[in-house]
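The sequence shown runs contiguously to residue 86 in the numbering used here.
All remarks here apply to the structure that follows.
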Amino acid sequence: MRKLLGGLTAVFGLAVALFGGWMLVRGPFLGGAALESTSMLAALTAFLVGVVIFFRGLVRWAGVGARL
Numbered sequence: 019m020r021k022l023l024g025g026l027t028a029v030f031g032l033a034v035a036l037f038g039g040w041m042l043v044r045g046p047f048l049g050g051a052a053l054e055s056t057s058m059l060a061a062l063t064a065f066l067v068g069v070v071i072f073f074r075g076l077v078r079w080a081g082v083g084a085r086l
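Okay, structure coming up:
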């Protein structure tokens, strides 16, 4: 059960990170307009939180690290 929960957490974090990253690059790098500063900050926050959640789930899935 722990591996399943860790895997689902990792997949969710990866999806959030991909969505946040896509929101950041879709404008300037894919021919669109840049986001406003508030929207860009929200997309950057989503990307960073997604990366943290992804690695937390990956570590839990792999079963390494301290058991707290």
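All residues carry an ideal CB built from backbone N, CA and C; glycine is no exception.
- Item | chain D contact for I71 (CB, 7 Å cutoff) | Of the protein chains in this structure there is only one, and it is not chain D.
- Contact under 7 Å by Cβ, V82 with A35: no
- Item | Best match in A51, W40, R78, V77 for proximity to L66 [C-alpha to C-alpha] | W40
- Let me know the secondary structure DSSP gives F65 once reduced to three states. helix
- Item | Assumed close pair W79, A28 - CB separation to whole angstroms, cut-off 8 Å | 6 Å
- Message: Are the CB atoms of I71 and G31 within a distance shorter than 7 Å?
- Response: yes
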